[in-house]
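Participant:
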Amino acid sequence: MAKIGKGIQIPLSWVPAKDGNVPNNALSVTRGIYVVRCKHDGQWIPGKAATGHNIAYYPHGGEEKNTREYEVLCDTSFSGNRGYEWLRGSYGDVPKNSIIAGMSGDDPLYIAKSSINGEPCVGKVHSGHECAYLPWGGKEHSVKEYEVLVWKK
14 MAKIGKGIQI
24 PLSWVPAKDG
34 NVPNNALSVT
44 RGIYVVRCKH
54 DGQWIPGKAA
64 TGHNIAYYPH
74 GGEEKNTREY
84 EVLCDTSFSG
94 NRGYEWLRGS
104 YGDVPKNSII
114 AGMSGDDPLY
124 IAKSSINGEP
134 CVGKVHSGHE
144 CAYLPWGGKE
154 HSVKEYEVLV
164 WKK
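Right, dumping it as structure tokens:
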């Protein structure tokens, strides 16, 4: 959130998308990989969209799941100042002010990024689990070291 005049601006918004499309202001973790969230059994789960793919990917139940409809996290700031940053997390811990992308029951799901086989991936840190989960190659991969998307104050 950014202070502008006497008000505040929340610089990130979830924008509906489908079929591989992403808005111009989509939050990327690297060129061509974007932060998304996907609906699964009524719950939002963080994941990724990739240029050239007509689906988005997310980790769930040990598998890399996919969907044609998703929401893309976009930078909607007026000031041009990024109101977010990536900070290190590990073993299920997340930094203060980590952004929640969804819930699993009563547990928050945070946005995580890391690499699998040298490729950047976006997935989730499930509160209470000692890892982050990332979708890649048809499977859900767990990693102990990752970065988490955090609001800058």
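The sequence shown runs contiguously to residue 166 in the working numbering. Backbone N, C-alpha and C fix where the C-beta goes; we use that ideal spot for every residue, glycine too.
Can you check DSSP and say which residues form a bridge with Tyr-71?
Facilitator: Within the sequence shown, numbered from 1, the residue matching residue 71 stands at position 58. Note: Tyr-71 sits in a beta bridge opposite Lys-78.
Participant: CB Val-161 to CB Val-85, shorter than 7 angstroms?
Facilitator: Here residue 161 is taken as the residue at index 148 of the sequence shown, counted from 1. Here residue 85 is taken as the residue at index 72 of the sequence shown, counted from 1. Their beta carbons are not under 7 angstroms apart, which means Val-161 does not touch Val-85 by this criterion.
Participant: On the three-state DSSP scale, how would you describe Gly-18?
Facilitator: The sequence position of residue 18 within the sequence shown is 5, counting from 1. The predicted position of Gly-18 is uncertain, since its pLDDT is 48 and thus under 50; a value taken from the coordinates is nonetheless stated next. Three-state result, Gly-18: coil.
Participant: Inspect the CB distances between the stretch 129 to 136 and the stretch 49 to 67 and report whether three or more fall short of 8 angstroms.
Facilitator: The stretch 129 to 136 vs the stretch 49 to 67: in contact.
Participant: Below 6 angstroms CB to CB, which residues in the same chain sit around Ala-39 once its five sequence neighbours on both sides are set aside?
Facilitator: Locating residue 39 in the sequence shown gives position 26, counting from the first residue. Answer for Ala-39: Tyr-47, Val-85, Cys-87, listed in chain order.
Participant: Residue range of the beta strand (DSSP E) that Leu-40 falls in?
Facilitator: Reading the sequence shown from its first residue, position 27 is the one you call residue 40. Note, Leu-40: premise wrong, no beta strand (DSSP E); not H, not E.
Participant: Is the separation between the beta-carbon of Ser-140 and that of Asp-120 shorter than 7 angstroms?
Facilitator: Residue 140 sits at position 127 when you count from the first residue of the sequence shown. Residue 120 sits at position 107 when you count from the first residue of the sequence shown. It is a contact, given that the beta carbons lie within the stated cut-off.
Participant: Whose C-beta lies closer than 7 angstroms to the C-beta of Asn-110 among residues of the same chain, with five residues either side of it excluded?
Facilitator: As a first step, residue 110 is located in the sequence shown; it is residue number 97 there, counting from the start. Excluding positions up to five away in sequence, the list reads Val-163, Trp-164, Lys-166.
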